[in-house]
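Chains as they are written, first to last, in our numbering: chain A, 1 to 467; chain X, 468 to 903.
Here a beta-carbon is modelled for each residue, glycine too, at the ideal position from N, C-alpha and C.
None of the values given here were measured: they were computed from a predicted structure.
Structure, as structure tokens:
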Amino acid sequence: MLHLVDKILNLAEKQADYAEVRYEKLDKNKIILKNSNLEVVEFGVTEGICIRVLLNGALATSYICEGKFEKAKAAVENAVKSAKASARILKKKIGFSKETPYKDNYEVKEKIKLKNVSIEEKIKEVVNIDKEIMSTKLKIPARFFDLSDAVREKLYMNSEGARIHSIIPRINFEYLLTFVGKNSEQRMYQFSASGGWEIFKNWDLKKKLLEEAKLLAKISKAPKAPAGKMDLLVSPDIAGIVAHESTGHPYEADRILGREAAQAGESFVTANMGGTRIGSDVVNLIDDPTIPHSFGFYLYDDEGVKAQKRLLIKNGIINSFLHNRETAFEFGIKSNAAARANHWNAEPIVRMANTFFMPGDHSFEELVEEIKKGIYIKSYMEWNIDDKRYNQRYGGLECYKILNGRICGLVRRPILEITTPAFYNSVDACGKDLDFSAGTCGKGDPMQAIPVWFGGPHIRLRNVFIK
Amino acid sequence: MNIIKKALKMGADDVVVESQRGFSKQIRFANNTVTISQLWNILATSIFLTWNNRVVATTIHDSSEKTVNAALRKLMKTVKVVKINKNYYNIAEGPFIYKKITDIFDPRLKELGEKAIDIVDSSINKALEFSEKTAGVFYNTCVERFLETSRGVKAKEEKTNVQINIRAFNAKDESGQAVSCSRTLSKFEPEKAAEKAGTISKLAKNPKHGKTGKFDVVFDPLSIADLLSLVGRFSSAFMVDSGYSFLTDKIGKMVANKKVTVVDDGRMENGFISTQFDSEGYPTQRTPIIENGILKTYLHNTSTAKKFKTKTTGNAGLIAPEPTNTILIPGKHSKEEIFREVKNGLYITNVWYTRFQNYRTGDFSTIPRDGIFLIKNGEIAGSFKNIRVSDNLERMLKNVAAISNKPEWIQWWEVENPVYTPYVLIKNVNITLPTM
């Protein structure tokens with residue numbers, strides 16, 4: 001493949017100011033089990049190439065799949081032709097920040113290779129999870145499970161001399177459980193990571209989903225959560241989704257510059273807000289693609305820039321944004337390697353990797369004991385946020401009342417609907433713990449679903465309004 | 468030897484081969500300038516195969532004999548070790564005769580080429596007559612679709628479409644968004660969309676923090692399409708079975724106001740995804756999902772129809788039934804008459820990020836974006852921001868008070884399944900706000 005990518009790059013760089021070629025091969029398997037029935041087993045190996053050129057300040061891509069590799073020359077010409085056509089009406093030239101052209105090769109190791117685990121074994125694992133839930137005799141009429149694994153190989157080269165080869169295996173288990181009783185309750189969640197089959201085994205999903213099934217039954221009978229101003233303790237699951245939605249996204253420099261304005265939207269954060277206080281002193285927030293076995297793991301981004309940890313909020317103050325080479329050029333700085341494409345047929349755009357609140361110094365007990373009246377939201381179902389990432393909402397699922405420093409009984413569906421500054425300024429303590437949830441983040445047009453983790457410690461907020 | 472014959476010779480029972488080839492061209496723009504131009508060469512073949520009621524599927528992007536043979540060998544090897552799909556009851560028995568659908572292919576779109584850039588340029592300029600800044604995306608797609616099944620189907624069709632999504636901005640928080648989508652160039656109205664986006668952004672002057680409570684709300688086609696698209700998706704029998712639908716166990720029951728009739732129409736003229744045949748080769752049709760407020764049917768393929776003791780509705784995807792064009796049947800009122808009905812309410816032009824606390828009960832929230840207007844005695848009396856619709860989908864459908872008489876096609880980044888809908892007035896919509 002190196003020869004083909006090199007050949008295409010040679011063709012492209014002769015006709016453009018800048019060119020890059022990204023080859024990807026994806027070997028994927030998917031099992032869907034619905035209500036104890038194996039609906040389908042899907043698999044496939046897809047290969048394709050993205051050719052991206054910058055010419056006269058205009059950016060263009062052309063994509064070809066395996067069956068069209070012999071048409072690479074025409075694909076290069078199409079990209080060049082498109083860039084020339086765009087340049088006709090261009091009002092501002094696009095540029096890329098200057099970066100070191102790395103050459104490297106890396107692979108995420110699998111203790112048990114995904115390809116060596118039979119499809120029967122994978123099916124058996126999912127069937128056993130379903131059986132475990134059925135053994136409870138609880139009324140859970142709808143049980144939807146989706147187990148997928150994928151090994152993605154990439155070869156990236158650009159006209160500045162970068163050459164990165166990588167192999168990243170990922171495993172992903174998603175589910176929706178529907179309990180029907182006094183009230184219906186649902187739980188939708190996913191476990192995902194990079195690595196081999198050993199990761200799936202370590203998740204211990206039979207136990208976890210059994211507990212969740214039993215919990216849904218209890219939640220359905222719980223009293224409605226009290227409303228009003230009170231303290232709030234959120235779990236790493238909630239801290240994570242907050243970190244992702246109201247720090248990660250609004251700190252994406254392409255949103256700040258308006259490139260996603262017609263789709264995922266813009267940002268309440270403006271380009272000159274670096275150094276502005278956005279939260280209390282205890283808020284520190286990071287995005288880090290280099291966490292081993294994380295779902296958002298990579299060591300070089302899809303522009304060949306070396307991955308690094310990004311400190312987005314430092315002691316409550318906006319510290320940095322997420323950049324690719326295009327936005328870094330606009331800001332007059334270097335990229336911090338946030339360019340990601342979800343497949344060979346997608347352009348690299350600014351994305352998060354693993355976004356999380358940094359842990360603090362409180363034990364869980366200390367966080368709880370200082371709450372006189374409050375709510376502990378441990379998990380959620382509904383959530384959303386506006387397209388500037390200012391107005392957000394989280395609908396609690398597993399939630400408890402806290403009275404005089406003690407966690408009391410389950411309560412049903414407390415709603416936190418709050419602005420971003422109000423949330424971050426209300427945080428008064430962060431726990432010592434750190435945990436992550438997995439997500440498949442959507443952005444770009446066409447939509448690019450990208451693997452991420454998000455997380456944090458338990459976090460305490462003072463005096464917020466619960467509905 | 469073709470793929471079907473090879474698969475049958477290898478022992479498969481049912482086989483479906485669905486191929487697409489063609490191109491899709493995209494031009495994205497933001498801050499009044501082009502940000503990227505993209506071209507996809509589409510070549511994909513999906514193979515669905517069964518053996519002794521076991522189901523497997525794959526997709527290949529190379530139709531060489533070597534790749535096809537390897538895919539079939541792996542399919543046959545896999546299908547023999549997987550478990551029985553108790554919900555599988557064969558695919559449709561063909562062959563079928565297909566009636567042509569008007570205006571789903573336009574040769575001019577096949578040859579549009581770099582003229583696309585001029586359409587984008589004129590749309591940006593039109594929006595700028597009303598606003599300071601625009602962003603959006605233009606797509607032009609041309610695809611040949613081939614379908615062959617082991618049950619006698621051999622069909623093909625050529626399809627085109629063109630669409631623009633444009634958002635216009637004035638000062639802070641003053642924005643408007645609109646779309647135009649069509650299967651033919653003659654029915655494509657990019658400048659009209661640009662003008663609407665620009666006009667909304669101009670009207671949304673100096674928006675104030677909204678108010679919480681129950682409001683009568685006029686939903687623009689763009690905003691109601693977001694919810695109707697979900698009604699289409701949740702009508703799939705597969706989604707119902709999976710727990711992803713508020714329509715579960717409600718066939719024959721009132722799920723909407725009697726003014727509401729929602730139809731899945733795979734054969735509509737110029738319908739954004741109209742097609743002559745579904746993925747089993749069964750002819751597509753017009754299927755009332757909700758008729759005068761009553762849930763009439765889910766959307767089916769041959770297998771789900773058998774399970775639900777009914778007939779297929781011609782909505783087969785390769786694995787599960789999928790909606791085609793979701794249509795809200797127009798009412799008798801003009802748009803102006805609907806606005807006049809509102810004494811003290813809202814006009815919501817767009818929404819996004821619709822998420823459910825519970826799919827089965829329909830408890831959800833969605834976030835209005837772009838122009839949100841206060842309506843007093845039928846007139847725009849101010850502009851709001853930061854509100855959220857926090858309600859129940861079935862309750863909202865039951866509270867539909869009026870539907871206008873001119874539908875519009877909506878399909879964009881947020882509304883994946885196309886919807887053809889007029890303006891809709893819904894009473895007592897629950898509006899919430901964040902604490903600051």
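Across the structure, Glu-596 (chain X) and Lys-663 (chain X) are spaced so that their CA atoms are roughly 11 angstroms apart. Taking Glu-789 (chain X) as the centre and dropping the five residues before and after it, the same chain places the C-beta of Ser-703 and Asn-782 closer than 7 angstroms to its C-beta, in chain order. Here Ile-64 (chain A) is buried: its Cβ has 16 or more other Cβ atoms, across all protein chains shown, within 10 Å.
DSSP places Lys-894 (chain X) in the strand class (E or B) of the three-state scheme.
Residues of the region 610-639 of chain X with a C-beta less than 9 angstroms from any C-beta of chain A: Asn-632, Ile-633, Arg-634 and Phe-636, listed in chain order. Gln-743 (chain X) sits in coil when the DSSP states are folded into three classes, being neither helix nor strand. Distance from the CA of Leu-4 (chain A) to the CA of Gln-392 (chain A), rounded to the nearest whole angstrom, comes to 47 angstroms. When the Cα atoms are used, Asn-463 (chain A) and Ser-320 (chain A) turn out to be separated by approximately 29 angstroms. Spanning the alpha carbons of Glu-107 (chain A) and Phe-356 (chain A) requires a straight line of approximately 24 angstroms. Under the DSSP assignment, Tyr-424 (chain A) falls in the alpha helix (DSSP H) whose first and last residues are 420-426. Residue state for Leu-579 (chain X) is assigned as coil, using DSSP reduced to three classes. Excluding residues up to 5 positions away in sequence, Lys-25 and Glu-66 lie with their Cβ nearer than 6 angstroms to the Cβ of Glu-47 (chain A) in the same chain. Comparing alpha-carbon positions, the option among X:Gly-561, X:Arg-855 and X:Arg-488 lying closest to Arg-822 (chain X) turns out to be X:Arg-855. The Cβ atoms of Pro-835 (chain X) and Ser-746 (chain X) lie no closer than 8 angstroms to each other. With the rule of 3 Cβ pairs closer than 8 angstroms, the region 400-408 of chain A does not count as touching the region 441-457 of chain A.
One thing to note: Leu-55 (chain A) has its Cβ within 8 angstroms of the Cβ of Ala-16 (chain A). Per DSSP, reduced to three states, the secondary structure at Ser-97 (chain A) is coil, with no helix or strand assignment.
If you draw a 10 Å sphere on the C-beta of Cys-441 (chain A), you find 16 or more other C-beta atoms in it, and that means buried. In this structure, Leu-864 (chain X) and Val-727 (chain X) form a Cβ contact; the two beta carbons are roughly 6 angstroms apart against a cut-off of 8 angstroms. Sixteen is the threshold: since fewer than 16 other Cβ atoms of the shown chains lie within 10 Å of the Cβ of Gly-275 (chain A), the residue is exposed. Membership of Ala-239 (chain A) in the alpha helix (DSSP H) is indicated by the continuous run 236-243. The Cβ-Cβ distance between Gly-849 (chain X) and Ile-667 (chain X) does not fall below 8 angstroms. Here Met-230 (chain A) is bridged, per DSSP, to A:Val-464.
Taking a C-beta cut-off of 8 angstroms against chain A, the contacting residues of the region 848-861 of chain X are Asn-853, Arg-855 and Ser-857, listed in chain order.
Annotation for Trp-819 (chain X): the continuous beta strand (DSSP E) segment containing it runs 818-825. In the three-state reduction of the DSSP assignment, Leu-475 (chain X) falls in the helix class, which pools H, G and I. Here Phe-705 (chain X) carries a helix assignment [DSSP, helix/strand/coil]. 8 angstroms or more divides the Cβ of Glu-736 (chain X) from the Cβ of Ile-877 (chain X).
Taking C-beta separations shorter than 7 angstroms and ignoring five residues to either side along the sequence, the partners of Tyr-390 (chain A) in its chain run Phe-268, Thr-419 and Thr-420, following chain order. The beta carbon of Gly-798 (chain X) sits closer than 8 angstroms to the beta carbons of Lys-726, Ala-869, Ile-870, Ser-871, Asn-872 and Pro-889 from its chain, once the five residues preceding and following it are set aside; these are given in chain order. Scanning its chain for C-beta atoms nearer than 7 angstroms, with the 5 sequence neighbours on each side dropped, one finds around Gly-680 (chain X) the residues Ile-898, in chain order. Our two residues, Asn-607 (chain X) and Phe-655 (chain X), have alpha carbons roughly 11 angstroms apart in a direct line. Under the three-state reduction of DSSP, Val-809 (chain X) is assigned to coil, being neither helix nor strand. Counting C-beta atoms within 10 angstroms of its own C-beta, Thr-526 (chain X) has 16 or more neighbours from the protein chains shown and is therefore classed as buried. Judged by their CB atoms, Leu-322 (chain A) and Arg-310 (chain A) are nearer to each other than the 8 angstroms cut-off. Taking the CA atoms as reference points, Phe-705 (chain X) sits about 36 angstroms from Gly-409 (chain A).
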